[in-house]
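The structure under discussion appears below in the form of structure tokens.
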Amino acid sequence: MSEKTRDFLLYFIVIGLIFNKVPTVIRNDALGGTIGDKLVFYPLFIGSIYIIYLLWRKKNFEDFYNDCKIFYQYIVVYVGFLVVSLAWGLIDYPYCDLILNSSISQSKWLSQADFLLANNGIFVDKTVLLKIYMLIKPIKVLFLGVFYTFISATVIFYLYQRDSKKVFSILLQGTLCAVCIILLYSVIELFYLGHVSVAGDILRTVNPCIHSIENDGTWWPPLLWGGQLRSVFAEPSYFGIYAAFAMPLLWYKLIETQMSLWKFFWGGTLIAFTFCLFLTKARTAVALFGGEVCLLFLALVYFRNKAFLKKFIIIIACSLIAFVFANLFIINIMALKTESVAEATVDKGAEIYISDNLKSIKGKDNRSNRSRYSVMEADLQVGLEHPLLGVGTGLRDAYVGEKLVAMDNKSDEMKRWIQAQKERGVMRAGIPVLGEYTSKFAETGVVGLLIYLFPAGYLIFLILKKIRRTSDIKIKEQAMFLLFSFLGTMAAGIGDNINITYCYWVLLGVGYAIYWPARVENE
Numbered sequence: 226m227s228e229k230t231r232d233f234l235l236y237f238i239v240i241g242l243i244f245n246k247v248p249t250v251i252r253n254d255a256l257g258g259t260i261g262d263k264l265v266f267y268p269l270f271i272g273s274i275y276i277i278y279l280l281w282r283k284k285n286f287e288d289f290y291n292d293c294k295i296f297y298q299y300i301v302v303y304v305g306f307l308v309v310s311l312a313w314g315l316i317d318y319p320y321c322d323l324i325l326n327s328s329i330s331q332s333k334w335l336s337q338a339d340f341l342l343a344n345n346g347i348f349v350d351k352t353v354l355l356k357i358y359m360l361i362k363p364i365k366v367l368f369l370g371v372f373y374t375f376i377s378a379t380v381i382f383y384l385y386q387r388d389s390k391k392v393f394s395i396l397l398q399g400t401l402c403a404v405c406i407i408l409l410y411s412v413i414e415l416f417y418l419g420h421v422s423v424a425g426d427i428l429r430t431v432n433p434c435i436h437s438i439e440n441d442g443t444w445w446p447p448l449l450w451g452g453q454l455r456s457v458f459a460e461p462s463y464f465g466i467y468a469a470f471a472m473p474l475l476w477y478k479l480i481e482t483q484m485s486l487w488k489f490f491w492g493g494t495l496i497a498f499t500f501c502l503f504l505t506k507a508r509t510a511v512a513l514f515g516g517e518v519c520l521l522f523l524a525l526v527y528f529r530n531k532a533f534l535k536k537f538i539i540i541i542a543c544s545l546i547a548f549v550f551a552n553l554f555i556i557n558i559m560a561l562k563t564e565s566v567a568e569a570t571v572d573k574g575a576e577i578y579i580s581d582n583l584k585s586i587k588g589k590d591n592r593s594n595r596s597r598y599s600v601m602e603a604d605l606q607v608g609l610e611h612p613l614l615g616v617g618t619g620l621r622d623a624y625v626g627e628k629l630v631a632m633d634n635k636s637d638e639m640k641r642w643i644q645a646q647k648e649r650g651v652m653r654a655g656i657p658v659l660g661e662y663t664s665k666f667a668e669t670g671v672v673g674l675l676i677y678l679f680p681a682g683y684l685i686f687l688i689l690k691k692i693r694r695t696s697d698i699k700i701k702e703q704a705m706f707l708l709f710s711f712l713g714t715m716a717a718g719i720g721d722n723i724n725i726t727y728c729y730w731v732l733l734g735v736g737y738a739i740y741w742p743a744r745v746e747n748e
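Residues are numbered in this note's numbering as their position in the sequence shown, beginning at 1, plus a constant of 225.
Structure (structure tokens):
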């Protein structure tokens, strides 16, 4: 693959990360699996086909394998474990009777297979047939999932293992370009939040072209989102999840820029982006941002020099300016004319903002906490009951649904999930993943969770090792801010699905391309 083609595809992937819930008309769940609703599916799919063609034409599959041998060995182990976990989970799956005795058809394929076999004089126990179907169905999702995650990250490593400076440059430039797109689109939404009717009309026209609207007959994502900024994303919290990836890279760009004019530009961009983040009023966004600020403070303690203290002050000053302007906007512009804002002050607004969007994370009954914490608790209970191998990939929905039914003080959202399972069946109405690691624990147990997290853990070790050993301040800072981005992206998986954005997998591939020991030694 030529360098131009390679770089174009990666630029496309990095910029496309912000479009993570594309309109239904361009979704491709059949070929994309879990990323079929994201724009990054297209460059990944096209790039994969092109790479396979080049490898076939040049007959160098062996070189491709040898360069990434240890990564593919890991993938084989991980996939093998998932298949074993699934098979073991099906052996002891307790919900077969519930599915078979339901008046609702759970699968057209299952009914047709049973009919065809019976017509040909082959009588198979329906429970056995169901388990065969439940083994085959997740395997397709499993392989597509692994292909677009671990294998795609490995391909990024393979393409850039000898060009680490270039891959970081593309990651940085592509992210900055995406941030600018977000800010430009947010201007329209700011006018809408300021009650300008024309802006609402524009959003009604443009939003369906940016992301899907009211999936599967539900209310989400709505055409317009009142009272919170979401920009190009399907919901405000998605802005925060993306910002956890982009914010440290924007910080890095600001502190490494030397020219005063460009420094002012990137400082203004940082203030604007942070301003928009606060206007999301999403607890996920505020919590992740606060966590990354804490990491920045730890870096200050580590460096202990005036040069980094100056950089720290610049970043914090930009963040505080953004916070003040965001509160002024909320108090004086977003508030409806019928509301009394005469007594509102920035201090009071800041206190209310922190209480609503940060302190409220602790309370189980605050905002959406009841649903989120209940699902996480149910996943933990299921995992503790099946600690070694879990219940099997794709089999958690019935287990978690049963746990939710037994809980008291159900939220309206929880009631809708339970009702959907009653009306559509456990195979057609799943419980959303509200915690990547708790759901992985439920499905694959401790062993599966550790295998899943191993590449991330080892990459963190490699980056920390680089920070400790290098004496070059610029390389040290680059590694540090890339680590912040990776940790922030991983932290988003505590209470959400880590695949909401594709940022984690891009960072995994880029990180190994830069810090893999064999590459460093060759350099």
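Where is the CB? At the ideal position from N, CA and C, for every residue including glycine.
- request: Determine the burial state of L684: buried for a count of at least 16 other Cβ atoms within 10 Å of its Cβ, exposed for fewer.
  value: Numbered from its first residue, the sequence shown carries residue 684 at position 459. It counts as buried.
- prompt: Taking C-beta to C-beta, are Y624 and V630 nearer than 8 Å?
  reply: Here residue 624 corresponds to residue number 399 of the sequence shown, with the count starting at 1. Here residue 630 corresponds to residue number 405 of the sequence shown, with the count starting at 1. Not in contact: Y624 and V630 (Cβ atoms no closer than 8 Å).
query: Which residue spans inside the region 306-362 form an unbroken alpha helix (DSSP H) run of at least 4?
result: Listed in chain order, the complete alpha helix (DSSP H) runs (minimum 4 residues) inside the region 306-362 are 321-325, 333-344.
query: Leaving out five residues before and five after A403 in sequence, what residues of the same chain have Cβ atoms less than 6 Å from its Cβ?
result: As a first step, residue 403 is located in the sequence shown; it is residue number 178 there, counting from the start. The beta carbon of A403 sits closer than 6 Å to those of I240, I243, all from its chain and outside the five residues before and after it, given in chain order.
field: Distance, V526 Cα to C519 Cα
entry: For the purposes of this step, residue 519 is identified with residue 294 of the sequence shown, where counting begins at 1. For the purposes of this step, residue 526 is identified with residue 301 of the sequence shown, where counting begins at 1. The C-alpha of C519 lies about 11 Å from the C-alpha of V526.
- request: Could you check which residue in G713, N724, L674, F711 has the C-alpha nearest to that of F306?
  value: Numbered from 1 along the sequence shown, position 81 holds the residue referred to as residue 306. Ranking G713, N724, L674, F711 by Cα distance to F306 puts L674 first.
task: Determine the burial state of L448: buried for a count of at least 16 other Cβ atoms within 10 Å of its Cβ, exposed for fewer.
output: Sequence index remark: in the sequence shown, residue 448 carries index 223 (1-based). Burial state of L448 is exposed, judged by a 10 Å Cβ sphere holding fewer than 16 other Cβ atoms.
- request: Starting from the N-terminal side, write out each stretch of the alpha helix (DSSP H) that is 4 residues or longer and does not extend beyond the region 265-314.
  value: Counting only runs of 4+ residues, the alpha helix (DSSP H) found wholly inside the region 265-314 occupies 266-283, 286-292, in chain order.
- prompt: Which residue comes first and which comes last in the alpha helix (DSSP H) that contains M472?
  reply: On the sequence shown, residue 472 is found 247 positions in, with the first residue counted as 1. Residues 461-481.
message: With a threshold of 8 Å on Cβ separation, who are the neighbours of F348 within its own chain once the five nearest residues in sequence on each side are excluded?
response: By 1-based counting over the sequence shown, the position of residue 348 is 123. Same-chain partners within the cutoff: L342.
message: So, at 7 Å on beta carbons, what are the nonlocal neighbours of W730 in its own chain, with the 5 sequence-adjacent residues on each side left out?
response: Taking the first residue of the sequence shown as position 1, residue 730 is located at position 505. Close CB contacts of W730 within its chain, under the 7 Å cut and outside five residues either way in sequence, are with T374, S377, A378 (chain order).
task: To the nearest angstrom, report how far apart P742 and R455 are at their CA atoms.
output: Walking along the sequence shown from the start, residue 742 turns up at place 517. Walking along the sequence shown from the start, residue 455 turns up at place 230. In this structure, the straight-line span from the alpha carbon of P742 to that of R455 is close to 40 Å.
- request: Since I believe R597 is in contact with S757 (beta carbons under 8 Å), could you give me their beta-carbon distance rounded to a whole number of angstroms?
  value: A query on residue 757 cannot be resolved here, the shown segment of the chain reaching from 226 to 748 and no further.
task: Starting from the C-beta of D292, find all residues in its chain whose C-beta is less than 6 Å away, skip the five residues before and the five after it, and write them out in chain order.
output: Your numbering for residue 292 matches position 67 in the sequence shown. Y383, listed in sequence order.
task: Since I believe D604 is in contact with G660 (beta carbons under 8 Å), could you give me their beta-carbon distance rounded to a whole number of angstroms?
output: Here the question's residue 660 lines up with position 435 in the sequence shown. Here the question's residue 604 lines up with position 379 in the sequence shown. Under the criterion of beta carbons closer than 8 Å, G660 and D604 qualify as touching, at roughly 6 Å.
- prompt: What's the gap between the Cα of A567 and the Cα of I558?
  reply: For the purposes of this step, residue 567 is identified with residue 342 of the sequence shown, where counting begins at 1. For the purposes of this step, residue 558 is identified with residue 333 of the sequence shown, where counting begins at 1. For A567, the predicted model reports a pLDDT of 44, less than 50, meaning its position is unreliable; a value from the coordinates is still stated below. The alpha-carbon atoms of A567 and I558 are separated by roughly 13 Å.
query: Any contact of the region 457-474 with the region 490-510, i.e. 3+ C-beta pairs under 8 Å?
result: Yes: at least three Cβ pairs fall under 8 Å.
task: Taking T754 and S544 to be in contact with their CB atoms under 8 Å, please state how far apart those CB atoms are, rounded to whole angstroms.
output: What the structure shows of the chain is the stretch from 226 to 748, and residue 754 is not part of that stretch, so it cannot be assessed.
query: When you compare each of I274, Y318, L396 to C728 by their alpha carbons, which one comes out closest?
result: Here residue 728 refers to the residue found at position 503 when the sequence shown is read from its first residue. The residue with the shortest Cα to Cα distance from C728 is L396.
message: Please state the DSSP three-state secondary structure of F244.
response: Sequence index remark: in the sequence shown, residue 244 carries index 19 (1-based). Coil at F244, not helix or strand.
task: Over the uninterrupted alpha helix (DSSP H) stretch that includes N485, give me the two end residues.
output: Here the question's residue 485 lines up with position 260 in the sequence shown. Here residue 485 is Ser; the residue named in the question, Asn, does not match the sequence. 485-504 is the span of the alpha helix (DSSP H), which, as asked, contains S485.
task: Note down the Cα distance separating E627 from G257, rounded to an integer number of angstroms.
output: Start at 1 with the first residue of the sequence shown, and residue 627 comes out as number 402. Start at 1 with the first residue of the sequence shown, and residue 257 comes out as number 32. In a straight line, the C-alpha of E627 is about 30 Å away from that of G257.
field: Three-way DSSP call (helix, strand, coil) for A546 in this model
entry: Counting from 1 along the sequence shown, the entry for residue 546 is found at position 321. The question names Ala, but residue 546 in the sequence shown is Ile. I546 falls in the helix class under three-state DSSP.
query: Are L269 and I238 closer than 8 Å when you measure CB to CB?
result: Within the sequence shown, the letter at position 44 stands for residue 269. Within the sequence shown, the letter at position 13 stands for residue 238. Yes, they are a contact pair.
message: Using only CA atoms, which one of I688, L354, S394 lies nearest to D232?
response: Residue numbering aside, residue 232 sits at position 7 when the sequence shown is read from its first letter. The shortest C-alpha separation from D232 is found at S394.
message: Using a 10 Å radius around the Cβ and a threshold of 16 neighbouring Cβ atoms, would you call T271 buried or exposed?
response: Within the sequence shown, numbered from 1, the residue matching residue 271 stands at position 46. In the sequence as displayed, the identity of residue 271 is Ile instead of Thr. Counting C-beta atoms within 10 angstroms of its own C-beta, I271 has fewer than 16 neighbours from the protein chains shown and is therefore classed as exposed.
message: Looking at L479: is its Cβ nearer than 8 Å to the Cβ of L495?
response: As a first step, residue 479 is located in the sequence shown; it is residue number 254 there, counting from the start. As a first step, residue 495 is located in the sequence shown; it is residue number 270 there, counting from the start. A contact, by the Cβ cut-off of 8 Å.
- request: Report the option in I406, Q453, Q483, V423 whose CA atom is closest to the CA atom of D581.
  value: Counting from 1 along the sequence shown, the entry for residue 581 is found at position 356. For the set I406, Q453, Q483, V423, the Cα lying nearest the Cα of D581 is the one of Q453.
task: With distances taken Cα to Cα, identify the nearest neighbour of A481 among L323, L234, I251, M705.
output: Here residue 481 refers to the residue found at position 256 when the sequence shown is read from its first residue. Checking the sequence shown, residue 481 turns out to be Glu, not Ala. Comparing Cα positions, the closest option is M705.
query: Using a Cβ-Cβ cut-off of 8 Å (strictly less than) and excluding sequence neighbours within five positions of E414, which residues of its own chain qualify?
result: Numbered from its first residue, the sequence shown carries residue 414 at position 189. Apart from the 5 residues on each side of it in sequence, E414 sits with its Cβ closer than 8 Å to the Cβ of A424, L428, L454, R455, S456 in its chain, given in chain order.
message: Rounded to the nearest angstrom, what separates K573 and K690 at their Cα positions?
response: Here residue 573 refers to the residue found at position 348 when the sequence shown is read from its first residue. Here residue 690 refers to the residue found at position 465 when the sequence shown is read from its first residue. Near 44 Å, if we compare the C-alpha coordinates of K690 and K573.
message: DSSP three-state label for R529, please.
response: Within the sequence shown, the letter at position 304 stands for residue 529. Here R529 sits in coil by DSSP.
- prompt: Candidates A524, W491, K536: which alpha carbon is nearest I692's?
  reply: On the sequence shown, position 467 is the one that residue 692 refers to. Of the listed residues, the one whose Cα sits closest to I692 is A524.
- request: Rank A645, Y662, R641 by C-alpha distance to the C-alpha of V607 and give the top, closest one.
  value: In the sequence shown, counting from the first residue as 1, residue 607 sits at position 382. Closest in C-alpha terms to V607, from the list A645, Y662, R641, comes Y662.
Alpha-carbon to alpha-carbon, M226 and L553: On the sequence shown, position 328 is the one that residue 553 refers to. On the sequence shown, position 1 is the one that residue 226 refers to. Going by the C-alpha atoms only, they are around 51 Å apart.
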